[in-house]
Each structure stands twice: as C-alpha cells, then as structure tokens.
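K.L.:
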Amino acid sequence: MDKEKVMVTFAVDSPLYERIKDYRFEKRIDSISEALRILIEKALEAEKPPTVTPRKRNNRSQSIVASPAWGFPPICGSRKDAGVEF
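According to my numbering, the sequence shown is numbered sequentially starting from 1.
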C-alpha cells in the first residue's frame, strides 16, 4: 500500500457530525480524521462479499434418493403394499 496521504474534504450535516463525534469519544480516538478513517474502513470491509470455503469431498460416491411427499419409501415390500401408485 502506498504511504502517500491524500487530503479529502467533504461536508456532512450536523446530526451525522454529532454521531461521528460521539463515536470518536466513545472509542477514545484522538481526532475526527482518525475516527472518519476507521469508520470508512469498517464500511468498506462490510461491503466485501463473504468468502466461501469449498466443502471437502469424500471419496465415497453419494447418490441422492428422492422420497415421495408422504415420507420415506417402505423398507420392505413394494410400493403397492404401502397403498401408493406411481
């Protein structure tokens, strides 16, 4: 990161300025400029999309078995025994 500092000037309304001052004193920050820098960094960090870590896959083959809406298929017997026609 470049160590050169750039001066930025912008205007805020009184209620926002009071909130920034309250934040500064609550966190015991030395200056308004430092409080603004911290708040901007936090906001930019919050904007980043979350990183997704890939799931570990096991070596076993997995098959997906769809079950009918009434629950799991019967353990023994045919589907006709359960009273369901497909």
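We put the beta carbon where it would ideally sit given N, CA and C, even for glycine.
1) For the alpha helix (DSSP H) containing residue 28, name the first residue and the last one.
2) Which class does residue 24 belong to by DSSP, given the choice of helix, strand or coil?
3) Quick one: what does DSSP say residue 49 is sitting in, helix, strand or coil?
4) Which of helix, strand or coil does DSSP assign to residue 4?
5) Can you grab the Cα-Cα spacing for the pair residue 21 / residue 32, in whole Å?
6) Answer with buried or exposed for residue 35, where buried requires no fewer than 16 other C-beta atoms within 10 angstroms of its C-beta.
7) Our contact map puts residue 44 next to residue 23 with C-beta atoms below 8 angstroms; I'd like the distance itself, whole angstroms only.
P.N.:
Here's the rundown:
1) That residue, residue 28, is in no alpha helix (DSSP H); it is neither H nor E in DSSP.
2) DSSP, read as helix, strand or coil, puts residue 24 in helix.
3) DSSP places residue 49 in the coil class of the three-state scheme, outside both helix and strand.
4) When DSSP states are grouped into helix, strand and coil, residue 4 belongs to the coil group.
5) Taking the straight line from one Cα to the other gives about 7 angstroms.
6) Buried is the call here.
7) That belief does not hold up - the Cβ atoms of residue 44 and residue 23 are roughly 16 angstroms apart, past 8 angstroms.
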